[in-house]
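Sequential numbering from 9 applies to the sequence shown in this note's numbering. A virtual CB, placed ideally from N, CA and C, is assigned to each residue, including glycine. Being a predicted model, the structure only gives us computed values, none of them experimental.
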Amino acid sequence: MSLLMKKILLFQFASLLVLSLCPGMNGHAFGQDAVPVNTAKVRIHSLESTLELKGGVKPSAEVTVYSKVTGVIEKLLVEKGDRVKRGDVIAVVEHRSELARRKQLVAQVKSARVAISQAEAAVRIADASLLQAEAQLENATLEKTRAENLIKDKSMPKQRYDSVMAQYKVARAGKDLAEANLDSAREAVSQAKAGYARASAALEQLDVRISDFTIRAPISGVISARFIDEGAMDNPRLPIVSITNADILKVLSQVPEIDIAKVQKGTKASILVDAYPKERFQGEVAIINPTLDPNTRTMGFEIYVKGKKALKLLKPGMFARVILHLGTRRAPAVPRDCLLRLPGTGVYYAFVVENGIAKKRPDIKLGMKKGDLVEIISGLEEGEDVVVAGQGLLKTGTPVVITSGKKGGKTQ
């Protein structure tokens, strides 16, 4: 029995003793067999709506790092507890053969580049030769036309005519050869460029593979675990390290299907953990799962926790109590002590005082709670005097005397 209840019972006993010893204070004054009670008025208060759930503290990101290649760990540059930034080198897998192959490909790329330059120079030479051959053919064509006109008039010796025609044939053949040489030079350029492209692609592909031998941190954070040692054989199935980013903490929780509508992105939350019972860490709902878990009929959501103190004290893996702050509303409320519950049920009732007579109000519907106050959904009306102490001696119709009354607090 609490100290408060002991005091109340002692006060009631003393009041009854006084009534029995004072003949002037008879039933005329207080009513026959009047029971002394304390009361509180039903008043309107501003009550905060909350929803309490369970959850767990998690880091904002946790990554286990694997190698993409098989080989011996040549260098392992981190220890458990080290802080790394995204992109920092964690480990290097031995890859000497790949580096040797890279030197060969670099040489091939350089050779292909030289071949392109040489082929392009040959094109320029062939192009100049073609221009010269075209000029020679043009002159030979003019001489041929002139010779044909003169031979008709018998103004040119046959021997001279034959010489001009021979020169024309040579010039035409020279032009054809120059065109063929130019086409060949251009084809050589295409082949050189294709060779350069193949060598460059092979080098680029090898560089990608070589980069896989250098293992880098995918996120910033702290090395939370190291699974392998320098000199050990690694493969893509074996983890190397785990990295935890605890710069931002989140609390994972689930809300029952019936309360889903109450949880919105941005809803404020208080986080409580057993390790720090006097602390309330603040956060807000950041992510809400789009679907329900069909097994538990709950919807998961994440709360991002704010504040340097929270980041310092909270640790991933802690169990947490989550209190969602859903807003406030003005509603009638009474002290908890006014309410009695029928044994074995969830039905609450109370006694009110009207004109010095106790009346039982059964089946009172309750709502939110705020400290010692409980919201009344139905069953009691604003302004009524509700018995807060002495209910154990009452039934409907019992005469009562109000010895003291809680005002139920000022309307808030």
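What residues in its chain sit with their C-beta under 6 Å from that of residue i, if we drop five residues either side in the sequence?
i: GLY308; result: GLN262 and ASN297
i: THR404; result: LYS367 and LYS368
i: LEU402; result: PHE359 and ALA366
i: ARG217; result: none
i: ARG349; result: TYR356
Who does residue i pair with in a DSSP beta bridge?
i: HIS333; result: THR58 and LYS276
i: PRO324; result: According to DSSP, PRO324 bridges with nothing at all.
i: GLU383; result: ALA341
i: GLY291; result: ALA277 and VAL313
i: GLY308; result: GLN262
i: LYS93; result: According to DSSP, LYS93 bridges with nothing at all.
i: LYS378; result: LEU381
i: LYS83; result: VAL100
i: ALA233; result: SER250
Would you call the CB atoms of residue i and residue j closer than 8 Å?
i: MET326; j: ALA294; result: no
i: LYS314; j: VAL65; result: no
i: PRO247; j: VAL73; result: yes
i: ILE231; j: LYS88; result: yes
Within 10 angstroms of its Cβ, does residue i collect 16 or more other Cβ (buried), or is it exposed?
i: ASP184; result: exposed
i: PRO165; result: exposed
i: ASN46; result: buried
i: GLU4; result: Residue 4 is absent from the model: the chain starts at 9 and stops at 420.
i: GLY229; result: buried
i: VAL50; result: buried
i: ILE266; result: exposed
i: ILE133; result: exposed
DSSP three-state call for residue i: helix, strand or coil?
i: ASP371; result: strand
i: ASP184; result: helix
i: LYS177; result: helix
i: ASP242; result: strand
i: ALA48; result: strand
i: ALA69; result: strand
i: VAL43; result: strand
i: VAL77; result: coil
i: LEU145; result: helix
i: GLU362; result: strand
i: SER163; result: coil
i: ARG224; result: strand
i: LEU402; result: coil
i: GLY63; result: strand
If I measure Cβ to Cβ from residue i and keep anything under 7 Å in the same chain, skipping five residues before and after, which residues do I get?
i: TYR224; result: Reading off the sequence, residue 224 comes out as Arg, not Tyr. Excluding positions up to five away in sequence, the list reads GLY95, ASP96, VAL97 and ILE98.
i: ALA210; result: LEU113
i: GLU102; result: GLY79, VAL80 and GLU82
Give a yes or no on whether the minimum CB-CB distance between residue i and chain D is below 8 Å.
i: ARG217; result: Annotation note: the requested chain D is absent from the structure, which comprises a single protein chain.
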